[in-house]
Amino acid sequence: MKDIPPRYNPKDHEESIYSKWENSGFFHAEPDFSKKPFTITIPPPNVTGILHMGHALNNTLQDILIRWKRMQGSASLWVPGTDHAGIATQNVVERNLHEKGITRQELGREKFVEEIWKWREKYGNTIIMQLKRLGASCDWKRTRFTMDKGLSEAVLEAFVQLYNKGLIYRGNYIINWCPRCRTALSDEEAPHQNVEGKLYYILYLFKESGEQRAESKEGVVVATTRPETMLGDVAVAVNPKDKRYKKLIGKKLILPLTEREMEIITDDFVDKKFGTGAVKVTPAHDSDDYDMAKRHNLEPVTIMGPDGRMNENAGRFSGLDRFEARKLIVAELEEKKLLIKIEKHDYAVGHCYRCHTVIEPYLSLQWFVRMKPLAEPAIEVVKRGKIKFHPKRWTKVYLNWMENIKDWCISRQIWWGHRLPVYYCQKCNAVIVSKVAPEKCQKCGSQDLKQDEDVLDTWFSSWLWPFSTLGWPEKTKDLRYFYPTAVLVTAPEILFFWVARMIMSGKEFIKEIPFSDVYIHGTVRDATGKKMSKSLGNIIDPLDIIDEFGADALRFSIIAITSAGQDVFLSKEKFEIGRNFANKIWNASRFVLMNVGASELQGTGALEKENLNIADKWILSRLNRTIEAVTKALKNYKFNEAESLVYDFFWHDFCDWYVEMVKPQIIGQSAESKERRTGEILIHVLESSLKLLHPFMPFVTEAIWQNIKERESIMIAAWPEADKHYIDKKIESDIEIVKNIIVNIRNIRSDMNIAYSKKLTVGLAPLRQGVGSVISDNAEYIKNLAHLDKLTIDENFIRPKSCLSAVAEEFNIFIPLEGVIDVAAEKARLTKKQDLLKQQIVFTEKKLKDKNFINNAPEEVVRAEHEKAEKIREQIDRLGKTIEDL
RNA sequence: GGGCUUAUAGCGCAGUUGGUUAGCGCGCUUCCUUGACAUGGAAGAGGUCACAGGUUCGAGUCCUGUUAGGCCCACCA
16 MKDIPPRYNP
26 KDHEESIYSK
36 WENSGFFHAE
46 PDFSKKPFTI
56 TIPPPNVTGI
66 LHMGHALNNT
76 LQDILIRWKR
86 MQGSASLWVP
96 GTDHAGIATQ
106 NVVERNLHEK
116 GITRQELGRE
126 KFVEEIWKWR
136 EKYGNTIIMQ
146 LKRLGASCDW
156 KRTRFTMDKG
166 LSEAVLEAFV
176 QLYNKGLIYR
186 GNYIINWCPR
196 CRTALSDEEA
206 PHQNVEGKLY
216 YILYLFKESG
226 EQRAESKEGV
236 VVATTRPETM
246 LGDVAVAVNP
256 KDKRYKKLIG
266 KKLILPLTER
276 EMEIITDDFV
286 DKKFGTGAVK
296 VTPAHDSDDY
306 DMAKRHNLEP
316 VTIMGPDGRM
326 NENAGRFSGL
336 DRFEARKLIV
346 AELEEKKLLI
356 KIEKHDYAVG
366 HCYRCHTVIE
376 PYLSLQWFVR
386 MKPLAEPAIE
396 VVKRGKIKFH
406 PKRWTKVYLN
416 WMENIKDWCI
426 SRQIWWGHRL
436 PVYYCQKCNA
446 VIVSKVAPEK
456 CQKCGSQDLK
466 QDEDVLDTWF
476 SSWLWPFSTL
486 GWPEKTKDLR
496 YFYPTAVLVT
506 APEILFFWVA
516 RMIMSGKEFI
526 KEIPFSDVYI
536 HGTVRDATGK
546 KMSKSLGNII
556 DPLDIIDEFG
566 ADALRFSIIA
576 ITSAGQDVFL
586 SKEKFEIGRN
596 FANKIWNASR
606 FVLMNVGASE
616 LQGTGALEKE
626 NLNIADKWIL
636 SRLNRTIEAV
646 TKALKNYKFN
656 EAESLVYDFF
666 WHDFCDWYVE
676 MVKPQIIGQS
686 AESKERRTGE
696 ILIHVLESSL
706 KLLHPFMPFV
716 TEAIWQNIKE
726 RESIMIAAWP
736 EADKHYIDKK
746 IESDIEIVKN
756 IIVNIRNIRS
766 DMNIAYSKKL
776 TVGLAPLRQG
786 VGSVISDNAE
796 YIKNLAHLDK
806 LTIDENFIRP
816 KSCLSAVAEE
826 FNIFIPLEGV
836 IDVAAEKARL
846 TKKQDLLKQQ
856 IVFTEKKLKD
866 KNFINNAPEE
876 VVRAEHEKAE
886 KIREQIDRLG
896 KTIEDL
């Protein structure tokens, strides 16, 4: 017997266990056509990332599934990796350089990209290391990075394929532009956020009003939230049905602060009700205006540069930051009396998802993916149920987005990422799209070719992840075996960014869905409901929690408080749940190992039914029921339900009852007289429980598994199968009676302040057929657990004069305590019990007198209600008699 | 503006297809170091299930509305 300390200290085990696992090779999976594959590809964290609670939750969920399936005998593969996270990473490295006083422009593209690679070498594995501390059983040999050679190959292949199908095009459009990151963004990367803004009403004077005499008020008032963009106005539009402006259509206006002449045009797009019903048309800085200008053949005027500063078209405002320019322009308009009024106006404006800068709608030449044709099959597979979302409600969100999908802007004006496989002939302007750099122009033969400067959106590589990690575009064995993957586990934030696009790419490039189930878990928030973020300073660092409570505690706790798809509210104390439970498991095992002999450890399979007593049958019934329920819960992605089932079984059934019941049978007994059967059952139930717990708490279960005896990892032990012939309702209800008796006696002790040390003599009167034998079969258990020295069972029990009593459905309890009993107190106690029952009977009888109930409710419900009433009445009577007798 | 989601004990949450005495964890009260565990054990107290209607013999559970949170989407300048 090893010396096992009375406390589970995670630090003594986690590191060594993890390295043993890694060395064992059990994390690694190869195609094995004799087994079923079970594949998960990790949502690749950003290479700049450090582990936060969202990751902890996300990866714990995946590891639970992976470990569970591995134990079930699948070829369980969890592909790990990181995402190059174009903009985010470029920003980080740029900031580092900045601290050294270097800009990336000074460094130049090549050197700068080199710097990023160096940075990645140094810090890029941080999050991977952190995942290991969590216990993640990823196949690390297969760790991928979106900029790896193979994955980059996949990106080029995808681009070329789509281009050749006409699904990628280049064009001049208004896109979301981040002036700080100086790149285009997709719509998803520029989420709208509400801001408290202002609506400026500006007077545009008629040309014929001559010199800008505001006093005349002869002109049109337009309303805008972004007055600085007026410098790019090319017209004012009104709704053709708007009577107020009918006469003014075609009239010439002078753009204030400039000399520009413009016309009043009509367009159905204009909303009569908003503002003044007249809208300034700024095609280069607003996408609606751009469309409108196109309809009217108006040339856009760009007044801002990529840095968010006004350009030469802004005249004397040139060089000013856009918000500076706004202030100045507003001031000048006011001075000229052209600013009619300013209203408070809250509206939503796009913000860069990386740096939170206000997005500028910006006219520029970019590359796009035509999404509608890709979306169609991806809508189909979800509608037909080939891909299921858990919880279901996300299906609607997904479909709604997919059905309104817009083209995807994929070019980014940054340096870190996959460069577009696009080459321009400098001579004839031909565009060549090719995976490898062409030697000469296919059209004119010129060798003067230049590759496009832009890189692709990070998500253009992530959307290939489920198959690029398995070797695509090569037709690999891995791809054939492990694809499609089983389930995608993710947070709702990246449903559109990533999940939807993976479904599209899977259907497009492999012709097969990438996964059949999508499990979407909640967002991790702090105790007050705020999203955890560095800037809010409300982060709970998972590594701190692992240090303080252990990885198992972190894992168990976070799952325990996560109900399907609901957000998770965290505070440090919550991790005590898991820590305490790990300790409980540790100590229960310690008890078992301290009291079980070597022979039982071998497990001779003495679990034959005829060898079992009632307690054994009961715990095996509960065990098998639990196995069944836990497996079912996992199948349905009900993680917290699965967990609480094992928790309740292990702590309450096994520790609180079974172990307590059998204690005297094995403690202090000599090796020969020890009940061998009990020992084997203890081991069997313990081992089964460890297996059920292993996916949730891998470290402590492994540590104990090895304490029991040296052997291979619990990681590859077979997942328990429920053996239904152990499930026994009769035994379970018998044990309920036994527990009820014990609780009743303890109750009396507690109510009447009888010390535990005082052993009691108790008389039990069974009231129903069969109860007597249940009691006598379990007399020893009752005596031990209720701390009795004598237990008399007699149907015709004659109640001694002075005694404490309990009355239950199945039995009466008498505890004679001559001379000790406080009659008044006992009377009060019993009367209180009786009152409770009386309240119940009133309610039940009322129900039974209700004709509607009797006539309409199913027969069995009515009968059950009658039986219930009968039992309550009986108990009230018995209590009454008992009180009288006192 | 559209959609989703939440409201159950002081706090955090479960409550499967409508039928229990409405559960669990933390906290609280009382007792207990009884040979695994005080990160423990035993016994308790605490809820008119947000509000108002409706369906039903019966509603925490289904429907409608209201209120109050939260989230996502959206081109009203």
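Residue numbering for the first sequence follows the working numbering, beginning at 16 and increasing consecutively.
Note that CB positions come from ideal geometry on N, CA and C, so glycine has one too.
Note that the structure is predicted; figures quoted are calculated from it, not measured.
Proximity of the segment 375–395 to the segment 191–207 meets the contact definition, three or more beta-carbon pairs being nearer than 8 Å. For the set Tyr534, Met519, Val533, the Cα lying nearest the Cα of Glu527 is the one of Met519.
Secondary-structure assignment with DSSP links Pro242 through no beta bridge to anything.
For Cys440, the closest alpha carbon among the candidates Trp430, Phe174, Ala630, Lys455 is that of Lys455.
Leu806 and Ala780 have their C-alpha atoms roughly 11 Å apart. The segment 560–575 and the segment 18–38 touch, with no fewer than 3 CB-CB distances between them shorter than 8 Å.
Going by beta carbons, Trp382 and Leu464 fall outside the 9 Å limit. Note on geometry: alpha-carbon atoms of Gln849 and Arg893 lie some 9 Å from one another.
With 16 or more other CB atoms across the displayed protein chains lying within 10 angstroms of its CB, Gln890 is buried. Bounds of the beta strand (DSSP E) holding Phe383 are 375–384.
By the neighbour-count definition (other C-beta atoms within 10 Å, threshold 16), Met162 is a buried residue. Just so you know, the alpha carbons of His405 and Leu414 end up roughly 14 Å apart. Contact annotation, Met712 with Ala597: C-beta distance approximately 6 Å; criterion of less than 8 Å satisfied. Within the DSSP bridge table, the entry for Phe826 names Pro781 as partners.
The three-state secondary structure of Met319, taken from DSSP, is strand.
With contacts defined as CB atoms closer than 9 Å, Leu343 and Leu218 fail to qualify as a contacting pair.
Here Ala733 is near Lys706, since their CB atoms are less than 9 Å apart. In this structure the segment 388–405 does not touch the segment 284–298; the number of beta carbon pairs closer than 8 Å is below three. A distance below 7 Å between beta-carbons, with the five flanking residues on each side excluded, links Glu418 to the following residues of its chain, in chain order: Ile394.
In this structure the segment 115–124 does not lie against the segment 32–50, because fewer than three pairs of beta carbons, one per stretch, are closer than 8 Å. Here Arg516 is not near Ser461, since their CB atoms are 9 Å or more apart.
Judged by their CB atoms, Ile269 and Ile280 are not nearer to each other than the 9 Å cut-off.
Taking C-alpha positions only, Glu391 is separated from Asp532 by approximately 19 Å. In the DSSP assignment, Glu211 falls within the unbroken beta strand (DSSP E) covering 207–221. For Phe48, the closest alpha carbon among the candidates Asp78, Phe829, Phe497, Asn610 is that of Phe497. Inclusion of Ile183 and Val448 in the CB contact set at 9 Å is warranted, their separation being smaller than that value. Looking at the DSSP output, Lys805 bridges to Thr776.
The beta-carbon distance between Ser483 and Leu166, rounded to whole angstroms, is 5 Å. This is short enough to meet the 8 Å contact definition. DSSP, read as helix, strand or coil, puts Phe42 in coil. Closest by C-alpha distance to Ala630, out of Tyr662, Ile642, Met676, Phe665, is Met676.
A residue is called buried once 16 or more other Cβ atoms fall within 10 Å of its Cβ, and Glu751, having fewer, is exposed. A direct Cα-Cα distance of roughly 16 Å separates Glu347 from Met325. Put simply, of Lys387, Ile525, Phe512, Gly400 the residue whose alpha carbon is nearest the alpha carbon of Lys490 is Ile525. Check the Cα spacing between His70 and each of Val249, Ile535, Val345, Cys367: the tightest is with Ile535. Going by beta carbons, Phe669 and Arg692 fall outside the 9 Å limit. When the beta-carbon positions are compared, Ala151 and Gln77 come within less than 9 Å of each other.
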